[in-house]
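Undergrad: Counting in the numbering used here, the sequence shown runs from 14 upward without gaps.
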Amino acid sequence: MERVLLTLAIVAFFLLCVFGMWLGWRRKARSQSVQVPPFPSTPSSPEDTGERLLAPAEGLYVSTTRAGHWQDRIVTRGAGLRTSATWRLYEHGVEVERVGAPGFWIPAESLVDIRLDSRIAGKVMATDSLLVFTWKLGDIELDTGFRGDELSVYPQWIEAVQRLAKLAEHGRSDSGEVKGGA
14 MERVLLTLAI VAFFLLCVFG MWLGWRRKAR SQSVQVPPFP STPSSPEDTG
64 ERLLAPAEGL YVSTTRAGHW QDRIVTRGAG LRTSATWRLY EHGVEVERVG
114 APGFWIPAES LVDIRLDSRI AGKVMATDSL LVFTWKLGDI ELDTGFRGDE
164 LSVYPQWIEA VQRLAKLAEH GRSDSGEVKG GA
């Protein structure tokens, strides 16, 4: 009888911990839904995306965090779900297609930088094998991290996205608005 009670107490404690984590995740999502605007959806027409610049890359969407705060995961509106993903670079932005979660669009004018990193919320690695896009969404700057299946495509992605970000930066006025095309 004593063993049964001890086992039930351990199971109850475990379930209470899981419930507490679920409540914390929901609370964080609710508070972020006010602070973080919705991610842009992928444009439906080829005129809005522009020409595809690189072959699609496949891998794992790890997470999106506030830029410079690698552990401050954005969880609102499904952004906190780690999923398989395909990302495509177009002349007007980056399409992120996620399996089992909403995809989103990173407009070219929002791109700030791209880099290799070894850590982002949900993944820490010994080598710099995460591809991290830094971009603006409204008034906040975000880092979105991917772990690609083919690491050999990273240099092409870094060069192309940095070129696209520079073109977009040259098109911005001092007020931050875009003048002309990106």
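We treat Cβ as the ideally placed atom computed from N, Cα and C, and that holds for glycine.
State yes or no: is the C-beta of R86 within less than 9 Å of the C-beta of P115?
TA: no
Undergrad: Kindly indicate which three-state DSSP category A92 falls into: helix, strand or coil?
TA: coil
Undergrad: According to DSSP, is D156 helix, strand or coil?
TA: strand
Undergrad: Beta strand (DSSP E) containing T77: first to last residue?
TA: A70 to R79
Undergrad: Here's the rule I'm using: 16 or more other beta-carbon atoms within 10 Å means buried, otherwise exposed. How should F117 be labelled?
TA: buried
Undergrad: State whether the region 131 to 138 contacts the region 175 to 184, with contact taken as three or more CB pairs (one from each stretch) at a distance under 8 Å.
TA: Too few Cβ pairs lie closer than 8 Å, so no.
Undergrad: Could you name the residues that DSSP lists as bridge partners for I133?
TA: Looking at the DSSP output, I133 bridges to K136.
Undergrad: I'd like to check one pair, L102 with R128: are the Cβ atoms closer than 9 Å?
TA: For R128 and L102, no; Cβs fall outside 9 Å.
Undergrad: On a Cα-Cα basis, can you pick out the residue from V174, L155 and Q169 that is closest to F52?
TA: L155
Undergrad: If you draw a straight line from the C-alpha of V145 to the C-alpha of A68, how long is it?
TA: Taking the straight line joining both Cα atoms gives about 18 Å.
Undergrad: What residue from V174, I171, G161 and V47 has the CA that sits closest to A70's CA?
TA: G161
Undergrad: May I ask you to report which of helix, strand or coil DSSP gives I87?
TA: coil
Undergrad: Helix, strand or coil, according to DSSP, for L143 in the structure here?
TA: strand
Undergrad: Mapping the DSSP letters down to three states, classify P51 as helix, strand or coil.
TA: coil
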